[in-house]
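In my numbering, the protein residues as written are 606 to 1441.
Remarks on the structure that follows.
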């Protein structure tokens, strides 16, 4: 942000064992305070930003003060959000097992999520509560459980020039109600920027940003209890509204299935508590002194501090609690603080060596220091129900953690250009990491870039601009956590007054060293016909070395895991950007752009023995289905069990007519081979219309939704054999037995294609004519726009899920789906008032 790195740590994550997602650092930034965002792709572009720039840099420039009279803006936005039903489940057969609908209330309760009953015929059927219902498709599907989400955002900004300086102050309030009942977010943001010329040579600028946000009952997600998405597996005839309000007259959860850990969504949204909050303060102070008009010095300090609080319970009456814990448990209450300090000192110069040669150079040093501290309590059960306080807990446990790390860096950049058509740029960076052993904690990483602008030399009328570029760059990185090279004890509770401690389960690595990534890129940029047609091509090959990753060890060593620096991955790709202005008249303009990226990657090395390295697992998909790095294959790969095959290639069945499990194998990569987007923008007088379509091809998803839906008889494939069974090896097997056994043995049946084409965004805007405001004292303009997002999935291969759905955005969870909130579409109205 404004040249200073910020902390973008993910707060919480949803994974194999559940959890919730409280967002990342960039989500705290108010979009109304952003002037522009620039993406620096390629290693050379990010070489000066250090270890965290190995995958590129997002540069955010905030809106600055403008000199002159008062400039006031008020921007108001209202957005409605609606959940989308992307399932394509069967609705011919209803609740029950073995082809029979439930005959008792107990059987009905156990089979609310079992669709192996009889054909739906409209007859009477008993429900879990003993009442009689129609054995026909329910009036309310699972998607009707979700509400219409709403978000109000109002931002007021004021800027004014004062003498040789200026300031801008903005105040913003966001109030959001989720599609999940009784869940929401409130956020207040204050942003102040100021710029002052102290003298003709000395300039001081400052930015202060304060954010205060509070979540109300943030949903638990993924494959864990207390997840509000459990109605998705209800049988077609079961109406979810009969389970409201989720608890009985004694406050006990209404159990709606044979799995107590499949929490009633009504219960957890009405009785649950999961209320994280955050206060964040970002401050940037920059001082620039111009010794001459060509030489300057810059001192910049940036501090990013956040304080988080968390409070979560297992409420009274929760179905899976034991009798001893029936009053509920304190899952966690506490607070954490995280800070990042960046100090930069830079000297730069820009001058002409001769009339033809120009130099732009800088040298600098950076200190980055990160601190993290967390303290909390948890325990149970509560002594008195509904009093959710740590003082009301029978057995209380304490937790505490602290981490501190530092990076010291020195760097330079030297840019030499000849007549501005030949340019050579070199950079170098020296980093010292506190998280690594002293013998291996430093590294130098260089880069070199050359560019040749040739349009003037070729002198082709149609060619407006032509540039050829090539670069080579190296970046480095460190472990994600501190203290992985040290042996330390974790303090435990005292026993009879004697302090206890435990050794770590992870083996420290005393030889750990920085990982490196080197990249070669060649690019071509062409503009034709007065910049009406453009082409930007880039080819890159990027290889990482000594990737730091977790490795599993035999329990005989006394440790279960450890970190090793042995991984290596190569990525090769082509990026294409086509831009054009097909129509440009006095009143009408049509701009279009198409971007496409094709990437091929290969895992070159994992550990010393090149064993597959497991990244993430899906607990729901039984039988060792995982994502993993596998040598010689694109990574990460989905690993799952295939069928066993006969010599003639046919599927092998056992004596019971059921498929036989084959070998564990790879079924495809979780990252797309090809992706891109098409954007069109039309403007006519004061109107503007734009739409964005994006696409994704060549990846796979390990889907828990697909697994559970097949196991419970909801997928249309399970309709085959419902009446007469399925016959293999001369043995007839009923459909329920066959499909449930198949998905448990052959869990690759839960691997689906991640390909899609989506209508991502449509915007319609109108600016009121300036003539309306000529005689107005206060207003000088009003802009109105309608914005629709995620309108439709135009095409997909996966029948029952959004292919983009996953446990999380980190490499461990990409490509693993299950227990996510349904995808949603939104429609928003934005009005911007410009006030004199």
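Even glycine gets a Cβ: it sits at the ideal position worked out from N, Cα and C.
Between which two residues does the beta strand (DSSP E) holding residue 1362 run? Element bounds for residue 1362: 1361-1372.
Assigned secondary structure, residue 849 (DSSP; H/G/I helix, E/B strand, else coil): Under the three-state reduction of DSSP output, residue 849 falls in the coil class, being neither helix nor strand.
Quick check on DSSP: helix, strand or coil for residue 1190? In this structure, residue 1190 counts as coil in the three-state DSSP scheme.
Nearest-angstrom Cα separation, counted from residue 694 out to residue 1319: Approximately 5 Å between the Cα atoms of the pair.
Does the count of Cβ pairs from the region 1395-1413 and the region 1288-1306 closer than 8 Å reach three? Counting C-beta pairs closer than 8 Å gives three or more between the region 1395-1413 and the region 1288-1306, which meets the contact rule.
With the cut-off set at 7 Å, would you say residue 1249 and residue 1257 are in Cβ contact? In this structure, residue 1257 lies closer than 7 Å to residue 1249 by Cβ.
In the DSSP assignment, the beta strand (DSSP E) including residue 1027 goes from what residue to what residue? 1027-1038 is the extent of the beta strand (DSSP E) around residue 1027.
What is the DSSP secondary structure of residue 945, reduced to helix, strand or coil? DSSP places residue 945 in strand when its eight states are reduced to three.
Output the distance between the C-alpha atoms of residue 1083 and residue 642, rounded to the nearest integer angstrom. Spanning the two alpha carbons is a distance of roughly 27 Å.
Under 7 Å, do residue 1141 and residue 1130 count as touching if we go by C-beta distance? Contact: yes.
Three-state class that DSSP yields for residue 1242 in the structure shown: Annotated three-state conformation of residue 1242 is strand, per DSSP.
On the three-pair Cβ rule with 8 Å, is the region 857-872 touching the region 886-905? In the pairwise beta carbon analysis, the region 857-872 is classified as not touching the region 886-905: fewer than three pairs are separated by under 8 Å.
Sheet register partners of residue 1199 (DSSP bridge): According to DSSP, which records beta bridges pairwise, residue 1199 is partnered with 1183, 1283.
Beta-ladder partner(s) of residue 634, from DSSP: Looking at the DSSP output, residue 634 shares a beta bridge with no other residue.
Quick one: what's residue 808 bridged to in DSSP? When DSSP reads this structure, residue 808 sits in a beta bridge with 802, 893.
Closer than 8 Å is the cut-off here; do at least three beta carbon pairs connect the region 1322-1340 with the region 1270-1286? No, the region 1322-1340 is not in contact with the region 1270-1286.
Where do the N-terminal and C-terminal ends of the beta strand (DSSP E) with residue 986 fall, by residue? Residue 986 -> beta strand (DSSP E) spans 962-987.
Buried or exposed for residue 1422, please, with buried defined as at least 16 other CB atoms from any protein chain shown within 10 angstroms of its CB. So residue 1422 ends up on the buried side.
Would you list, in sequence order, the uninterrupted alpha helix (DSSP H) runs of no fewer than 4 residues that lie entirely inside the region 1008-1091? Here the runs fully enclosed are 1060-1063.
Touching or not, the region 1004-1015 and the region 974-981, by the rule of three or more beta carbon pairs under 8 Å? With the cut-off at 8 Å, the region 1004-1015 and the region 974-981 touch.
Alpha carbon to alpha carbon, how far is residue 691 from residue 1425? Give it in angstroms, no decimals. Taking the straight line joining both Cα atoms gives about 12 Å.
Three-state secondary structure (DSSP) of residue 1311: In this structure, DSSP gives residue 1311 a helical state, which the three-state scheme calls helix.
Examine chain C for any beta-carbon lying closer than 7 Å to the beta-carbon of residue 836, and answer yes or no. Included in the structure is just one protein chain, with no chain C present.
Assumed close pair residue 940, residue 914 - CB separation to whole angstroms, cut-off 8 Å: Yes, they are in contact, since the Cβ atoms of residue 940 and residue 914 sit about 5 Å apart, within 8 Å.
Helix, strand or coil for residue 995 per DSSP? Residue state, collapsed to three classes: helix.
Quick check on residue 1341: does DSSP put it in helix, strand or coil? Residue 1341 falls in the helix class under three-state DSSP.
Going by beta-carbon coordinates alone, are residue 938 and residue 916 separated by less than 7 Å? It is a contact, given that the beta carbons lie within the stated cut-off.
So what does DSSP say about residue 784, is it helix, strand or coil? Coil at residue 784, not helix or strand.
Confirm, please, whether the CB-CB distance from residue 1204 to residue 1178 is below 7 Å. Going by beta carbons, residue 1178 and residue 1204 fall inside the 7 Å limit.
Which same chain residues, not among the five before or five after residue 584, have their C-beta less than 6 Å away from its C-beta? There is simply no residue 584 to check, as the chain begins at 606 and stops at 1441 in what is shown.
Could you name the residues of the same chain whose beta carbon sits closer than 6 Å to that of residue 622, not counting the 5 residues immediately before and after it, in chain order? In this predicted model, residue 622 has a pLDDT of only 49, less than 50, meaning its place in the structure is not dependable enough to derive any value.
I'd like the span of the beta strand (DSSP E) that includes residue 874, first residue to last. Segment 870-876 is the alpha helix (DSSP H) holding residue 874; no beta strand (DSSP E) there.
In the DSSP output, what is residue 685 paired with across the bridge? Residue pairing for residue 685: DSSP places it in a beta bridge opposite 755, 1432.
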